[in-house]
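Below: the structure, in structure tokens.
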Amino acid sequence: MEADRTGGGAVVTVPGLLLFAGFALVGPAAAFLVPSTLIQSLLTQATIYAIFALGVGILIRQNGMVSFGHAAFFGLPAYVIGAVLPLGLMPPELIIIGGLAATALMAFLVGLVIVRVHGIAFGMLTLAIGQAVYEAATRLRGLTGGHDGLSLDLPRFLFGLPLKTFQQPGSMLIVTWLVLALMLAVAFLFAKSRYGLLSEAIRDNEERVRFLGYRTLVPRALTFALSALVTAAGGVLFALYNAFVSPETVHWTASGSALIMAILGGASAPWGPVAGAFTYFFLKEAVGSFTTHWLSIIGVSLIVVTVVFPAGLVGLFDRLRPGNRSQGAANVG
16 MEADRTGGGA VVTVPGLLLF AGFALVGPAA AFLVPSTLIQ SLLTQATIYA
66 IFALGVGILI RQNGMVSFGH AAFFGLPAYV IGAVLPLGLM PPELIIIGGL
116 AATALMAFLV GLVIVRVHGI AFGMLTLAIG QAVYEAATRL RGLTGGHDGL
166 SLDLPRFLFG LPLKTFQQPG SMLIVTWLVL ALMLAVAFLF AKSRYGLLSE
216 AIRDNEERVR FLGYRTLVPR ALTFALSALV TAAGGVLFAL YNAFVSPETV
266 HWTASGSALI MAILGGASAP WGPVAGAFTY FFLKEAVGSF TTHWLSIIGV
316 SLIVVTVVFP AGLVGLFDRL RPGNRSQGAA NVG
């Protein structure tokens, strides 16, 4: 896949398709090659949160906005599934799809209001919205289970697959990885599309885009909704895997973790937040095995990465590419 340089759209190329297919096969290969159930479970959780971080990264890259409340979109579909499923009003698959659609619609409507502001003000608004969802999750005990959380009474089959497919680490790793590959493709194609390029232009100079005759509010709100939809997809997988959701799922600390992953990986490329999520999870696992202060070490690591590589792991990768190193040497000479 690459950008159409003449028209600003995205086209699909054979190398791009091969790269996508190769990436999509990594998860299934890991599920079969990794014998440890513990590592499979860790990979599955990391993949779910990689989708979460990818949604946060889309908002940063396309709109230049930082959200402190995206956990609301991560947990909302799970609560929708848990609340509506016992009523038996429609097939479970439609409830899941409806939960995703409702989350995206809510994000679009909210976005029409909050994307009008920028910087810290936008971040504080997202934090307020996220905490409002958290308070609702804790206080509406009859609907959400309150602080005790809500167990999901899932059917024996979903999308034609046995329920155990979604709750065993090996098989769920395959499912989550394929969804991650799909979401990455969506993020890449959106970034290279005419619409994605327009949103980047608005991010860089909104006044100039308005002067050229474009409306800027709806594109920014739609980008916010896409970001929420990708995040919600991760939330659905989280709900299916754990069959449980609690207020901690929508707390601001969950949003903060996803934001750390996106910053660690770098949001300038779609794959950056994904790399950041896996780095975060395995660093947490490695450090947590010998100290309870793992969060402090991750914080120091984030500071070092931010200072040395402001663009995150994406920036490090760009520096290490042979072409970039040769060009840098030529510039020095």
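As numbered in the working numbering, the sequence shown has no gaps in its residue numbers, which increase by one up to the final residue, 348. Even glycine gets a Cβ: it sits at the ideal position worked out from N, Cα and C. It should be emphasised that the depicted structure is a prediction, and the values quoted were computed from it without experimental measurement.
In the structure shown, residue 244 adopts helical secondary structure according to DSSP, grouped into three states. The closest CA to that of residue 230, considering only 163, 89, 82 and 131, is found on 131. In this structure, residue 328 and residue 271 do not form a Cβ contact; the two beta carbons are roughly 19 angstroms apart against a cut-off of 8 angstroms. Contact annotation, residue 148 with residue 265: C-beta distance approximately 5 angstroms; criterion of less than 8 angstroms satisfied.
Approximately 5 angstroms separates the beta-carbon atoms of residue 71 and residue 85; this is inside 8 angstroms, confirming the contact. Nearest to residue 174 by alpha-carbon distance, out of 63, 145, 156 and 107, is 107. In the DSSP assignment, residue 177 forms a beta bridge with 172. Residue 76 is classed as buried because its beta carbon has at least 16 other beta carbons within 10 Å across all chains shown. With 16 or more neighbouring CB atoms inside 10 Å of its own CB, residue 245 falls in the buried class. Taking a cut-off of 8 angstroms on C-beta distances, the segment 287–299 does not touch the segment 117–127, as fewer than three cross pairs fall below it. Here residue 166 carries a strand assignment [DSSP, helix/strand/coil]. For residue 92, the enclosing alpha helix (DSSP H) starts and ends at 86–99. Setting aside the 5 residues that flank it on each side, residue 276 is surrounded in the same chain by 64, 68, 288, 291, 292 and 295, each with a C-beta closer than 7 angstroms to its C-beta; the list follows chain order.
Per DSSP, reduced to three states, the secondary structure at residue 83 is coil, with no helix or strand assignment.
In the three-state DSSP reduction, residue 259 falls in the strand class (E or B).
The segment 217–229 and the segment 49–66 do not touch, with fewer than 3 CB-CB distances between them shorter than 8 angstroms. Remark: C-beta atoms of residue 267 and residue 199 do not approach each other more closely than 8 angstroms. Look at residue 55 here: in three-state DSSP terms it is helix. The residue from 52, 283 and 153 with its alpha-carbon nearest to that of residue 332 is 283.
Secondary structure of residue 229 (DSSP, three-state): coil. Contact between residue 167 and residue 258 is confirmed by a C-beta separation of about 5 angstroms, below the 8 angstroms threshold.
When 322, 274, 82 and 232 are compared, the shortest CA-CA separation from residue 139 is found for 82. A direct Cα-to-Cα measurement between residue 27 and residue 36 gives close to 13 angstroms. Taking the Cα positions, residue 310 is about 21 angstroms away from residue 326. For the options 145, 278, 169 and 78, the alpha carbon positioned closest to that of residue 330 is the one of 278. Cα atoms of residue 89 and residue 251: separation of roughly 8 angstroms, rounded to the nearest angstrom. Inside the segment 247–302, DSSP marks whole alpha helix (DSSP H) runs of 4 or more residues at positions 267–280, from first to last along the chain.
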